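Data first, discussion second: the structure below is written as structure tokens.
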Amino acid sequence: MPIRRVEVYTVELPYKKPFTISMGTSYSSTDVVVKLIDDEGNVGWGEASPSRRVTGESEDTILSAMNVLAPQLINEDPLNVEEIERKLAGAILGNTSAKLALEMAVFDLKGKILGVRVRDLLGGYRDRVETDFTIGIMSPEEMASDALKYVEMGFRILKLKVGLGLEEDIARVKAVRDAVGKDIRIRIDANQGWTVKQAKKALSSMERYDVELAEQPVKWYDYEGMAELTRVSPIPIMADESVHSARDALLVAKMRAADYINIKLTKAGGLLEARRIAAISEAAGIPNMIGCMMEGGISITAAVHFATATRNLVTTDLDSDISLKEDFVEGGAKCEKGFRILPEGPGLGNLRVKEGMLKLRGVFEEGKEVSTPL
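As structure tokens, this is what we get:
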């Protein structure tokens, strides 16, 4: 049962099309994948999706952190996830994506050993969740065209990225609403792209287009601005980049700096910390969404397990793998007409990693030097 070996890989994940938000344009992601093996040959998988602008991590920093974090797991009992989380937290500050990948893999391994799903280890509440589909910043006409395509695929909720030009943002929302009609739910995400003054003007103008919520309109550190908007905005406010940890959630709750909190496993550094954020949110009467970075099938599946175990969750944004040219996972949490379906099987469930797409970057075992291929 003890963990004997940690293998670290990278995988290139090009997108189907460029993805633009207020902070820049991305064309692909290089994710870090970890594989844990215990003394009986059981395997657990985890994934880290770097985000320089949100968690301050890159592929290189995650790989560097693995030199410190991965050895912490050798000879540890995967049933003791809380103890492993404590060791990872004490080994190095920050590096939440790297910690998430390892903790996720421990949960997968634990579930396989016990013969239960991660959802059930976390408590269990439902078997499926509805997700939105996110449309990056483009011209109003292009965003409207994409919106129609995703509605035809079965999505009933659309998230529109905004934050690049106030008048253009309003035109983008209008174009999408005109295209999809009144029965499709629309939400927006400025990714910190506005000032408080701009946000007030934008949200006042967008109210007529029945926007259900506005995500992170101002800078992550502007809790006062978030609180002011929460008080006066005609559209409910969601905190995303402002909440990484349970302490952040407590601050938002005390300041009433959001109507909703978006939990992301990557920001939290693991499912356990994400669960603490959900608990604080629920106690404060703040509903949760669970979102994602540009992640592949392992991370998305882990997020669906968390979502289906979280009572306080009212919506999800778990669509990134759909935007990949090719995922490195077969199976996992499928998306059917806008709903994420929990996979069968223990741990993260029935998924197969296409190991031929992975590049080995390091192996960690007791008493052996780290092997890092060029």
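Residue 146 in the UniProt record's numbering is what sits at position 146 of the sequence shown, and the numbering runs on without skipping anything. Every residue, glycine too, gets a C-beta built ideally from N, C-alpha and C. The model shown is predicted, which means the values in this text are computed figures rather than measured ones.
| Check | Outcome |
| --- | --- |
| Pull up the distance between the alpha-carbon of Arg-119 and that of Gly-193, whole angstroms please. | 35 Å |
| Could you check whether Leu-158 and Val-106 sit closer than 8 Å to each other, using their CB atoms as the reference points? | no |
| Taking only the alpha-carbon atoms, compute the straight-line gap between Glu-365 and Ser-49 and give it to the nearest angstrom. | 24 Å |
| What three-state label does DSSP hand Gly-332 in the structure shown? | coil |
| In angstroms with no decimal places, state the Cα-to-Cα distance between Met-255 and Lys-334. | 38 Å |
| What are the start and end residues of each continuous alpha helix (DSSP H) run of 4 or more residues lying completely inside the stretch 234-295, in chain order? | 246-255, 265-268 and 271-284 |
| Contact between the stretch 262-274 and the stretch 81-101 is defined here as three or more beta-carbon pairs at a separation below 8 Å; is this criterion met? | yes |
| Under 8 Å by Cβ, that's how I've got Asp-31 and Glu-47 pegged, so tell me the actual separation to the nearest angstrom. | 6 Å |
| Does the distance from the CB of Glu-215 to the CB of Asp-189 come in under 8 Å? | yes |
| Can you check whether the CB of Pro-343 is closer than 8 Å to the CB of Gly-331? | yes |
| Taking DSSP's pairing of strands, which residues face Asp-189 in a bridge? | Lys-161 and Glu-215 |
| Starting from the Cα of Glu-207, find the closest Cα among Ile-322, Leu-351 and Pro-236 and give me that residue. | Pro-236 |
| Tyr-209 by DSSP, collapsed to three states: which one? | helix |
| So, for Thr-301: in the same chain, excluding its five sequence neighbours on each side, which residues have a beta-carbon less than 8 Å away from its beta-carbon? | Val-329, Gly-332, Ala-333, Pro-343, Leu-348, Gly-349 and Leu-351 |
| So what's Val-43 in DSSP terms, helix, strand or just coil? | strand |
| What is the DSSP secondary structure of Tyr-9, reduced to helix, strand or coil? | strand |
| Tell me whether Val-129 sits in a helix, a strand or coil according to DSSP, three-state version. | strand |
| With a cut-off of 8 Å on the beta carbons, I'd call Asp-38 and Ile-3 a contact; round off their distance for me. | 5 Å |
| For a test of the three-state rule: what should DSSP assign to Asn-80, helix, strand or coil? | coil |
| Which residues does DSSP list as the beta-bridge partners of Leu-351? | Gly-331 |
| Which stretch, first to last residue, makes up the beta strand (DSSP E) that contains Val-314? | 313-316 |
| Tell me the DSSP bridge mates of Gly-362? | Val-8 |
| What three-state label does DSSP hand Asp-146 in the structure shown? | helix |
| Which two residues bound the contiguous beta strand (DSSP E) that contains Thr-96? | Careful: Thr-96 lies outside any beta strand (DSSP E), inside the alpha helix (DSSP H) at 96-114. |
| Buried or exposed: Met-238, going by 16 or more other Cβ atoms within 10 Å of its Cβ? | buried |
| Return the Cβ separation of Tyr-209 and Val-173 in integer angstroms, given the expectation that the two are a contact with Cβ distance under 8 Å. | 5 Å |
| Taking the C-alpha atoms as reference points, what is the distance between Thr-131 and Asp-317? | 5 Å |
| Enumerate in chain order the residues of its own chain whose CB-to-CB distance from Leu-250 is below 6 Å, with the five nearest sequence positions on each side excluded. | Ile-280 |
| If you measure between the beta carbons of Tyr-223 and Ser-245, is that distance less than 8 Å? | no |
| If contacts are defined as beta-carbon pairs under 8 Å, then Phe-339 and Arg-128 qualify, I think. What distance do you get, rounded to the angstrom? | 5 Å |
| Give the straight-line distance between the Cα atoms of Lys-112 and Gly-44, rounded to the nearest whole angstrom. | 8 Å |
| Would you grab the beta carbon distance between Gly-291 and Asp-259 for me? Rounded to a whole angstrom, and I think it's under 8 Å. | In fact, because the Cβ distance is near 15 Å, the residues do not count as touching under 8 Å. |
| In this structure, does DSSP put Leu-36 in helix, strand or coil? | strand |
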